[in-house]
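What follows is one structure encoded as structure tokens, with my remarks underneath.
Residue numbers (the numbering used here): 20 to 82.
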């Protein structure tokens with residue numbers, strides 16, 4: 020969720036054990052560059068899916 024409403028997704032990790040603290044990971048990355056990946060719900064529902072991301076001109080992609 021975007022807890023601080025800055026447009027970037029943050030993560031809240033909640034512990035199962037009540038005596039342990041929850042941890043908020045605030046996303047402080049630079050805005051303006053993003054990628055969205057959708058994995059189909061067929062068969063394994065995306066479990067074990069590998070997504071490789073390369074910059075333009077890398078991994079044989081023309082610049």
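Just so you know, even glycine gets a beta-carbon here, dropped at the ideal spot from N, CA and C.
Residue j beta carbon less than 8 Å from that of residue i
i: residue 26; j: residue 50; result: yes
i: residue 54; j: residue 33; result: no
Candidates the options: closest to residue i by CA position
i: residue 46; options: 35, 21, 39, 69; result: 21
8 Å contact criterion, which residue i and residue j should meet: CB distance rounded
i: residue 31; j: residue 43; result: 5 Å
Cutoff 7 Å; reference residue i; Cβ partners in own chain excluding five residues on either side
i: residue 41; result: 31, 32, 33, 34
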